[in-house]
Amino acid sequence: MLQYVFLEHPFFALTSLLYLASTLAYGLAWVSPSRLPGRIGTALMAAGVALNTAVIVGRWLEAGRAPFKSLFESLVFFAFCIALLYLVFERLYKTRLFGVAGGLMAFGSMAYALAKWDAEIVKLPPALQSGWFVPHVMVYFIGYAAVAIATGVAVVQLLASRIPFVHRLTTLKAGSVLSGEPLDLDRISYDAVRFGFVLLTVGLLVGSVWAKSAWGDFWVWDPKENWSLVTWLVYGAYLHLRKVRGWRGDRAAWLAIIGFAVVMFTYLGISVLPTAEESAHVYTQS
Amino acid sequence: MSNSSTSPGPAPEAAPSAAEREARLVTLLVFGAMVIGAVVQIWIPPGPTTLVAATGIASLVLLGLTFLVPGRLRATLTGFRFTSSLLIALAIFAILGTLILQGKPAELYRAKYPAVAGLILALRFDDIFHGLPYAGLMALFGAAILASASLRWPISARRAGFFIAHVGLLVSGAGAAASSMLSVRGRIDLFAGGDVAHQVRVTKGGVATGATEQLAFELKLDQFDLVNYETEYRVGYYEKVRIVRDGVALDDYKLKTSFDPDLGWHRLPQGDRFRLKAIYPDFEVAPKVTPAADGPAALLVTLAGRPQWLQPGEVVTTADGALAVAFGDQLPAPPGHPTAVLVSAQERRVVIHRADGDATQPLTDGLVLLGGAVRFDQLLPHATRTAVYQTRSRLWNNPAVVFETELNGRPSETLATAAQPRGVFLRDGRSALVFEKRDKEVKAFLSHVTARQGNTLERAVISVNDPMDFGGWTLYQVNYNPEDPSYSGLEAVRDPGVLWVFVGFTLICVGVFYMLYVEPRLRGGGIDRPAPPASTAAPV
Ligand code: HEM
Numbered sequence: 003m004l005q006y007v008f009l010e011h012p013f014f015a016l017t018s019l020l021y022l023a024s025t026l027a028y029g030l031a032w033v034s035p036s037r038l039p040g041r042i043g044t045a046l047m048a049a050g051v052a053l054n055t056a057v058i059v060g061r062w063l064e065a066g067r068a069p070f071k072s073l074f075e076s077l078v079f080f081a082f083c084i085a086l087l088y089l090v091f092e093r094l095y096k097t098r099l100f101g102v103a104g105g106l107m108a109f110g111s112m113a114y115a116l117a118k119w120d121a122e123i124v125k126l127p128p129a130l131q132s133g134w135f136v137p138h139v140m141v142y143f144i145g146y147a148a149v150a151i152a153t154g155v156a157v158v159q160l161l162a163s164r165i166p167f168v169h170r171l172t173t174l175k176a177g178s179v180l181s182g183e184p185l186d187l188d189r190i191s192y193d194a195v196r197f198g199f200v201l202l203t204v205g206l207l208v209g210s211v212w213a214k215s216a217w218g219d220f221w222v223w224d225p226k227e228n229w230s231l232v233t234w235l236v237y238g239a240y241l242h243l244r245k246v247r248g249w250r251g252d253r254a255a256w257l258a259i260i261g262f263a264v265v266m267f268t269y270l271g272i273s274v275l276p277t278a279e280e281s282a283h284v285y286t287q288s
Numbered sequence: 019m020s021n022s023s024t025s026p027g028p029a030p031e032a033a034p035s036a037a038e039r040e041a042r043l044v045t046l047l048v049f050g051a052m053v054i055g056a057v058v059q060i061w062i063p064p065g066p067t068t069l070v071a072a073t074g075i076a077s078l079v080l081l082g083l084t085f086l087v088p089g090r091l092r093a094t095l096t097g098f099r100f101t102s103s104l105l106i107a108l109a110i111f112a113i114l115g116t117l118i119l120q121g122k123p124a125e126l127y128r129a130k131y132p133a134v135a136g137l138i139l140a141l142r143f144d145d146i147f148h149g150l151p152y153a154g155l156m157a158l159f160g161a162a163i164l165a166s167a168s169l170r171w172p173i174s175a176r177r178a179g180f181f182i183a184h185v186g187l188l189v190s191g192a193g194a195a196a197s198s199m200l201s202v203r204g205r206i207d208l209f210a211g212g213d214v215a216h217q218v219r220v221t222k223g224g225v226a227t228g229a230t231e232q233l234a235f236e237l238k239l240d241q242f243d244l245v246n247y248e249t250e251y252r253v254g255y256y257e258k259v260r261i262v263r264d265g266v267a268l269d270d271y272k273l274k275t276s277f278d279p280d281l282g283w284h285r286l287p288q289g290d291r292f293r294l295k296a297i298y299p300d301f302e303v304a305p306k307v308t309p310a311a312d313g314p315a316a317l318l319v320t321l322a323g324r325p326q327w328l329q330p331g332e333v334v335t336t337a338d339g340a341l342a343v344a345f346g347d348q349l350p351a352p353p354g355h356p357t358a359v360l361v362s363a364q365e366r367r368v369v370i371h372r373a374d375g376d377a378t379q380p381l382t383d384g385l386v387l388l389g390g391a392v393r394f395d396q397l398l399p400h401a402t403r404t405a406v407y408q409t410r411s412r413l414w415n416n417p418a419v420v421f422e423t424e425l426n427g428r429p430s431e432t433l434a435t436a437a438q439p440r441g442v443f444l445r446d447g448r449s450a451l452v453f454e455k456r457d458k459e460v461k462a463f464l465s466h467v468t469a470r471q472g473n474t475l476e477r478a479v480i481s482v483n484d485p486m487d488f489g490g491w492t493l494y495q496v497n498y499n500p501e502d503p504s505y506s507g508l509e510a511v512r513d514p515g516v517l518w519v520f521v522g523f524t525l526i527c528v529g530v531f532y533m534l535y536v537e538p539r540l541r542g543g544g545i546d547r548p549a550p551p552a553s554t555a556a557p558v
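Just so you know, the sequences run in chain order P and C. Mapping of the first sequence onto the working numbering: residues 3 to 288, in sequence order. Mapping of the second sequence onto the working numbering: residues 19 to 558, in sequence order.
What follows is the structure, encoded as structure tokens:
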């Protein structure tokens with residue numbers, strides 16, 4: 003498989019490798035007193051994003067349509083969103099602490115796509131030929147990437163209070179932390195959820211407007227729709243619960259993680275549901 | 019807003035015992051609403067009207083109670099603990115709706131979920147989103163938002179987000195209620211150039227109810243176009259997968275990727291290599307004749323403009339059978355042909371055989387007979403004839419390729435035509451290459467229609483994702499018949515609620531953004547933090 007991907011689709015392989023390499027560099031930054039590994043991590047991640055962009059644009063041109071149709075295509079786009087958003091977060095919070103999480107998720111998404119290699123370019127059926135297709139998918143995937151990052155931060159947050167090494171990392175000035183300012187993990191995770199939630203809300207709206215124009219109904223209780231609603235409600239509960247005393251910190255982190263598990267099920271798991279057969283949304287073999 | 023007190027604004031709870039009391043009340047409210055709903059629906063069957071009426075009435079009753087009943091009801095109902103629990107309860111309902119098939123006959127549940135079928139049917143979870151337990155939750159939802167809004171009144175710039183978003187939720191809900199009660203949908207079957215449609219066959223959940231609804235206008239299908247994607251030829255790579263169909267595990271081949279038909283070597287995911295050694299757009303098998311030291315003779319004959327090599331004993335005829343050419347030394351004239359030309363290689367002569375007698379003449383290179391119908395070009399005394407693959411033209415009339423595969427280092431070649439696609443199996447059939455024609459992939463269905471209401475006439479092209487609005491109805495392209503290109507199936511929908519659903523959704527989007535990004539700034543930057551984080555990493 004590896005040989006095949008390298009020979010037939012070198013840019014896919016290289017993008018994945020860049021994400022993996024950036025993960026390693028960011029990991030090295032955790033333990034190195036020098037700033038260099040962290041910087042290399044950022045550079046590799048940025049290169050990964052650039053190549054990922056090229057891969058997406060290339061496929062867009064080859065397919066003659068937006069490359070968001072199949073699971074394979076969406077995974078490649080998901081990797082791109084995670085990596086890009088991670089870089090924005092790195093800049094925003096001036097920390098490279100989460101580089102490993104960001105890199106691993108971007109690499110994981112690419113690796114899953116490559117390992118399954120359901121790469122056939124499928125023609126767009128009439129229902130997908132809509133002006134809503136691209137904004138719907140883009141908004142959702144950027145939203146998914148945001149909550150993915152929130153989850154990465156939440157995991158670090160939970161580990162920080164349990165594992166001294168992780169706790170030390172969150173307070174590191176040299177190497178992984180750019181500015182040396184204290185990190186408010188709860189806040190960072192909340193910020194990512196907040197951003198993701200706005201996008202999930204818009205995604206839901208766009209999806210239902212599209213459903214109306216394609217199927218004649220704004221809501222058909224399709225499993226994918228239902229699970230998108232579940233995702234939205236869970237993060238809605240998260241946002242409301244933050245206003246209840248005692249629901250920040252660890253509990254909020256767990257909720258963010260549960261929310262992301264629901265997101266992942268919505269994205270990848272719908273096909274196991276008994277109602278999936280009647281769904282218009284499940285990623286089938288194409 | 020408080021999480022447990024009645025005063026707006028982020029105030030922490032007073033004491034753990036109050037929190038416990040609140041948690042108990044929250045549980046009571048959420049479960050109470052569902053249980054009441056479950057009990058009441060013993061007498062009132064679920065359905066859109068039941069749902070909407072029950073939600074509306076219960077919501078208002080509950081809201082009234084929050085003002086009338088002393089104690090913590092209102093505070094609890096407007097508290098964040100309650101709101102979150104309610105959202106999770108609604109999420110659980112949404113999940114159940116994907117775990118339990120909806121709207122199926124009772125026997126199906128008994129067969130599919132024997133252990134819990136009784137419970138599903140008793141609770142009416144077979145139509146979960148129209149049942150009264152769900153209505154109970156929706157009633158709590160409505161009442162809670164209204165009660166929260168009453169606490170926050172009047173609107174201020176710092177609180178506008180709450181109103182915009184949560185009023186949006188109510189507006190969407192009201193729109194959805196109007197939609198589920200008042201909307202009409204149904205099917206219109208049209209034939210190009212056929213009858214004009216005046217009515218809709220009403221459907222519920224995609225099934226015809228037998229009722230019809232007048233359109234109040236005439237609809238005619240002028241033309242129906244089924245547009246396919248361009249035909250293309252590709253090399254498909256398939257892998258064997260296990261699938262379960264109707265409970266039975268089967269092997270199937272799944273298309274993993276495909277290649278342009280080109281001559282380069284390609285690596286395959288399972289490690290093998292292949293290339294197309296030759297590509298024939300208009301494939302045919304043609305004989306190739308070469309002179310030899312011994313062996314039978316060969317004669318190049320052009321009959322009706324088509325050159326062919328014949329060997330002794332072979333006969334070619336014109337398409338209508340009027341003329342035959344037979345090559346051989348002592349051949350009888352082949353029966354059934356008015357004219358037969360018999361060629362002897364040994365004697366180098368030609369006999370033209372007709373019913374009225376034979377005429378003989380010597381065989382020479384370039385000999386033309388019967389006014390140019392037959393021509394002899396070359397006679398080889400000894401020749402070998404082999405079959406070769408070739409293309410008749412550059413047009414993709416009958417494409418074929420020769421696969422060269424390398425399996426574990428061993429090469430092999432296989433001819434494959436697109437007309438009769440056969441897999442080149444690799445790795446004991448675990449994967450396969452197929453040279454395939456891709457056509458009849460539907461790109462668009464286009465119904466060219468004319469709608470007429472009185473003097474108003476409108477022509478439009480309806481396609482998937484591009485419906486037509488006319489006379490209060492929206493017409494969607496939903497069906498076609500590959501066997502009958504004149505047929506078009508449309509769905510007609512009249513939905514007075516949908517606009518409000520979208521107005522509500524837009525308000526939700528704007529309000530959520532406002533609450534999460536604008537209000538914190540208006541409050542003086544940073545995020546709203548009513549309670550200190552429980553565990554924030556402490557930097558050195
Ligand atoms: C039971 C129904 C609901 C009630 C009673 C309710 C009530 C509230 C209240 C009182 C606030 C605080 C406003 C303020 O800061 O003054 C709030 C905030 C919010 N609500 Fe709701 N809400 C409900 C449902 C929803 C739903 C379904 C969503 C979307 C999933 C939602 C999204 C939000 C958001 C995003 C905030 C802002 C949270 C923040 O500031 O961090 N609400 N809600």
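In this text, a Cβ means the ideal position worked out from N, Cα and C, and glycines have one as well.
query: So, is the C-beta of Leu119/C closer than 7 Å to a C-beta in chain P?; result: yes
query: Between Ser191/P and the ligand HEM, is there a pair consisting of the residue's CB and a ligand heavy atom that are separated by less than 6 Å?; result: no
query: CA-CA distance, Ala147/P and Ile84/P?; result: 5 Å
query: Anything in chain D within Cβ reach of Glu122/P, meaning under 7 Å, just list it in chain order.; result: No chain D appears in this structure, whose protein chains are P and C.
query: Is the number of C-beta pairs between the stretch 235-244 of chain C and the stretch 437-448 of chain C that are closer than 8 Å three or more?; result: no
query: Ser465/C by DSSP, collapsed to three states: which one?; result: strand
query: For a test of your reading of the model: does the CB of Thr101/C fall under 6 Å from any non-hydrogen atom of the ligand HEM? Yes or no.; result: yes
query: For Ser103/C, which of helix, strand or coil comes out of DSSP?; result: helix
query: Any C-beta of chain P within less than 7 Å: which residues of the stretch 97-111 of chain C qualify?; result: Phe98, Arg99, Thr101, Ser102, Leu105, Ile106, Leu108, Ala109
query: For the stretch 138-201 of chain C, list the alpha helix (DSSP H) runs that are entirely contained and at least 4 residues long, ordered along the chain.; result: 150-170, 178-200
query: Where does Met107/P sit, in a helix, a strand or coil, going by DSSP?; result: helix
query: Please state the DSSP three-state secondary structure of Asn473/C.; result: coil
query: Is there a Cβ from chain P that is less than 7 Å from the Cβ of Pro123/C?; result: no
query: In chain order, which continuous runs of the alpha helix (DSSP H) of length 4 or greater are located wholly inside the stretch 76-154 of chain P?; result: 101-118
query: Can you tell me the Cα-Cα spacing of Tyr269/P and Leu73/P, whole angstroms?; result: 9 Å
query: Please specify which runs of the beta strand (DSSP E), each continuous and at least 3 residues long, are wholly inside the stretch 310-341 of chain C, giving them in chain order.; result: 316-321, 324-328, 333-335
query: Hey, would you say the C-beta of Phe167/P is under 6 Å away from at least one heavy atom of the ligand HEM?; result: no
query: Short of 8 Å Cβ to Cβ, which residues in the stretch 278-300 of chain C face chain P?; result: His284, Arg285, Leu286, Pro287, Gln288, Gly289
query: Return yes when the C-beta of Met52/C is under 6 Å from any heavy atom of the ligand HEM, and no when it is not.; result: no
query: Using the DSSP secondary-structure output, state which residues sit across from Ser506/C in a beta bridge.; result: Leu208/C, Tyr498/C
query: Please report whether the beta-carbon of Leu275/P lies at a distance below 7 Å from any beta-carbon of chain C.; result: yes
query: Closest Cβ-Cβ distance between Lys245/P and chain C: below 7 Å?; result: yes
query: Indicate whether Arg250/P and Asp188/P have their beta-carbon atoms separated by less than 7 Å.; result: yes
query: Mind checking if Ala462/C is an interface residue toward chain P, Cβ cutoff 7 Å exclusive?; result: yes
query: Please classify Glu75/P: is it buried, with 16 or more other beta-carbons within 10 angstroms of its beta-carbon, or exposed?; result: buried
query: Which runs of the alpha helix (DSSP H) fall wholly inside the stretch 61-94 of chain C and span at least 4 residues, in chain order?; result: 66-86
query: Using the C-alpha atoms, what's the distance from Lys122/C back to Gly223/C?; result: 11 Å
query: Should Gly299/P and Leu104/C be called a contact, given that it needs their Cβ atoms to be closer than 7 Å?; result: Because residue 299/P is not part of the residues shown, which for chain P are 3 to 288, the question remains open.
query: Please tell me whether, using a cut-off of 6 Å, the distance from the CB of Ala418/C to the nearest non-hydrogen atom of the ligand HEM is below it.; result: no
query: Could you work out which residue in Leu46/P, Leu20/P, Ala52/P, Ala117/P is closest to Gln5/P when comparing CA atoms only?; result: Ala117/P
query: If we ignore side chains and look at the alpha-carbon of each, how far apart do Thr17/P and Glu537/C end up?; result: 40 Å
query: With 7 Å as the threshold, decide whether the Cβ of Met242/P is near any Cβ in chain C.; result: Reading the sequence as shown, one finds His at residue 242/P and not Met. Closer than 7 Å to some Cβ of chain C, the Cβ of His242/P qualifies, so yes.
query: If distances are taken between C-alpha atoms only, which option among Tyr131/C, Ala161/C, Val58/C, Ser197/C comes closest to Arg92/C?; result: Ala161/C
query: Spell out whether any CB of chain C is found under 7 Å from the CB atom of Ala176/P.; result: Caution is warranted here: a pLDDT of 47 is assigned to Ala176/P, below 50, making its placement in the model unreliable, and the coordinate value is therefore given only provisionally. Taking Cβ atoms only, chain C never reaches closer than 7 Å to Ala176/P, which makes this a no.
query: Counting only C-beta atoms, is Trp32/P closer than 7 Å to chain C at any point?; result: no
query: Report the three-state DSSP secondary structure of Asp213/C (helix, strand or coil).; result: coil
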